[in-house]
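Notes to accompany the following structure.
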Amino acid sequence: MLVAVLEEVIYRMEAAGELPVAVAVTPTDGGALVRFAMVDGATAEQVGAMPSLRVSLGVG
């Protein structure tokens, strides 16, 4: 279930430019219902260093 939730967050970020600011999880008979409170990603402020992409080519 965690993977499905993270995939939905990534999809909403890419497709609609939205970021979650709150998440509510409610148990159901078949699993869980997950609800997000979303905001426009343009309103977010970056905190901390930019992540770096390190690629290992297996050379060395």
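So for the sequence shown, my numbering puts the first residue at -6; every next one is plus one. Virtual Cβ for every residue (Gly too), placed ideally from N, Cα, C. On a predicted model such as this, the values are computed, not experimentally measured, just so you know.
Comparing alpha-carbon positions, the option among E7, M(-6), L(-1), V(-4) lying closest to D33 turns out to be E7. For the 9 Å CB-CB criterion, V40 and F29 do not form a contact.
Minimum Cα-Cα distance from V14 among the listed residues A37, L46, M(-6), R47 corresponds to A37.
Per DSSP, reduced to three states, the secondary structure at E1 is helical.
The continuous beta strand (DSSP E) containing G24 extends over residues 24 to 33.
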